[in-house]
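Chains as they are written, first to last, in my numbering: chain Y, 1 to 151; chain A, 1001 to 1178.
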Amino acid sequence: MNFKRFKKIVETWGSDPTRWPDDLRASALEFMSTEPDACDAMNEAKSFDRLLDGYRLCETQLDPLRLAIEKRVSVGQYLAPIDQIIGWLFPRPGSLRTALRPLGMSCLLLISGIVLGYLGSSGDDVTLDEEIALLAGAMQPELLYLLEQQQ
Amino acid sequence: MVEELDEQIISKMQSGDHAAFRLILDRHLSQLMAYASRMTNSAMDAEDIVQETFFRLWTLRNRYDPKKSKLSTWLHRIAHNLCVDNYRLAAVRSTKNYTGLEHQHDEGPLVNLEIQLQSKEVAHALMQLNLQQRSALVLFHYQGLSHRAISTVLDLSSDAVESLLRRSRKKMRENLRM
């Protein structure tokens, strides 16, 4: 510990040693007990903290606010639809069934997509070779020409 | 610091128990009101923010994970985000020459004139900080949040919080001409 480091501690964390980082507290307190400059820095921090403590809030009547919150919550006790959906899709982990829910939904959507794609396609105007070429992303002009020649 | 509620009450609230929600409300209301009041310097804005914070707690209750953070930290994070929204809205209002609540300071039955003057002076200096600096200082000094909790609320790294806190205190001293 040195003075620069000690000053940084009090300038950051204030004059209350209990609020200082645990790993620095003991060495900082020990340093303060031997260094008069450190005591001065501490006193300066204390007077600043006292000034901050002087900021008192007006006493507010919290009962009307409490009632307003309770009323609002009891009226709007149902979750918004989007939150209901999110809450259902991504439940808090509790059981295996709820943990598998997102996976189940993903599989269902995938299967639905495949079925819809299959039902929506005409099916007979694309050959197997064309499908393979499409899947491979290899629809180059030469290949297209060859496919047309085959047909 | 408000004592942390046991997991059972939080769990009850998450399953929709209004009595558990009321218990949480009772424990955290004044703490959040103090935070919002110091952040906005307006009792009306603070009440709106606190009301919205608890409403969000209720509607988003299933998103809260007690293993990740304390309830007070989570509530402060919601309130902080609402303060950010409020700050942006106030900026829009001021560009439209709106003279609404931003300069309003509620005068309550303060103990004596000296405290009242000191409060005003510190409040004014606090309002001159930017929102992040103000929030770091209020969370640390007035709300008593830990270094780690502040990094969760402000979504910053531990080092960033430390540096922010240092800058906040320095700026505050300058504002108070110390």
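Note that beta-carbon positions come from the ideal geometry of N, C-alpha and C, so glycine has one too.
Based on Cα-Cα distance, which residue from the options lies nearest to residue i?
i	options	result
Y/Thr127	Y/Val115, Y/Gln150 and Y/Thr12	Y/Gln150
A/Arg1063	A/Ser1015, A/Leu1089 and A/Ser1042	A/Ser1015
Y/Met42	Y/Leu57, Y/Ala28, Y/Glu59 and Y/Tyr55	Y/Ala28
A/Ile1049	A/Leu1071, A/Arg1077 and A/Arg1027	A/Arg1077
A/Ala1046	Y/Arg50, Y/Thr60 and Y/Pro36	Y/Thr60
A/Thr1152	A/Leu1131, A/Gln1008 and A/Thr1073	A/Thr1073
Y/Asp37	Y/Phe6, Y/Ile132, Y/Ala133 and Y/Asp129	Y/Phe6
Y/Pro64	A/Asp1017, A/His1080 and A/Leu1029	A/Leu1029
A/Ser1158	Y/Met1, Y/Pro21, Y/Gly120 and Y/Val73	Y/Pro21
Y/Arg56	A/Asn1086, A/Leu1139 and A/Glu1121	A/Glu1121
Y/Ile69	A/Lys1012, A/Trp1058, A/Leu1139 and A/Lys1067	A/Trp1058
In three-state DSSP terms, what is residue i?
i	result
A/Thr1053	helix
Y/Cys58	coil
Y/Phe48	helix
A/Arg1166	helix
A/Lys1070	coil
A/Thr1040	helix
Y/Arg25	helix
A/Tyr1087	helix
Y/Trp88	helix
Y/Gly104	helix
Y/Glu35	coil
A/Tyr1035	helix
A/Gln1143	coil
Taking Cβ positions only, does residue i come closer than 9 Å to chain A?
i	result
Y/Ala28	no
Y/Gly120	no
Y/Arg72	yes
Y/Arg19	yes
Y/Cys107	no
Y/Leu89	no
Y/Thr127	no
Y/Arg56	yes
Y/Arg66	yes
Y/Ile69	yes
Y/Asp23	no
Y/Asp49	yes
Does residue i come within less than 9 Å of chain Y when only Cβ atoms are used?
i	result
A/Asp1026	yes
A/Ser1037	yes
A/His1080	no
A/Arg1166	yes
A/Ala1043	yes
A/Asn1130	no
A/Glu1007	no
A/Trp1058	yes
A/Val1050	yes
Grab me the residues of residue i's own chain with a C-beta within less than 6 Å of its C-beta, minus the 5 sequence neighbours each way, in chain order.
i	result
Y/Arg19	Trp13
A/Gln1008	none
What residues in its chain sit with their C-beta under 8 Å from that of residue i, if we drop five residues either side in the sequence?
i	result
A/Leu1129	Leu1137, Ser1168, Lys1171, Met1172 and Asn1175
A/Ala1125	Met1172, Asn1175 and Leu1176
A/Val1161	Ala1136, His1147, Ile1150, Ser1151 and Leu1154
Y/Trp88	Arg101
A/Lys1096	Reliability fails at A/Lys1096, whose pLDDT of 49 lies under 50, so the model's placement of it is uncertain and the value that follows must be treated cautiously. Result list for A/Lys1096: empty, nothing under 8 Å.
Y/Met32	Phe6, Ala38, Cys39 and Met42
Less than 7 Å between C-beta atoms, sequence neighbours within five positions excluded: which residues of the same chain meet that for residue i?
i	result
A/Gln1133	Leu1164, Arg1167, Ser1168 and Lys1171
A/Leu1082	Ile1049, Glu1052 and Thr1053
Y/Val10	Ala41, Met42 and Ala45
A/Asp1026	none
With a threshold of 8 Å, establish whether the CB of residue i neighbours any heavy atom of the ligand MG.
i	result
A/Arg1169	Judged by which ligands are present, the structure shown has none, so any question about the ligand MG falls away.
4 or more residues per run - each alpha helix (DSSP H) lying fully within the segment 1008 to 1032 of chain A: Segments of the alpha helix (DSSP H) lying fully in the segment 1008 to 1032 of chain A: there are none.
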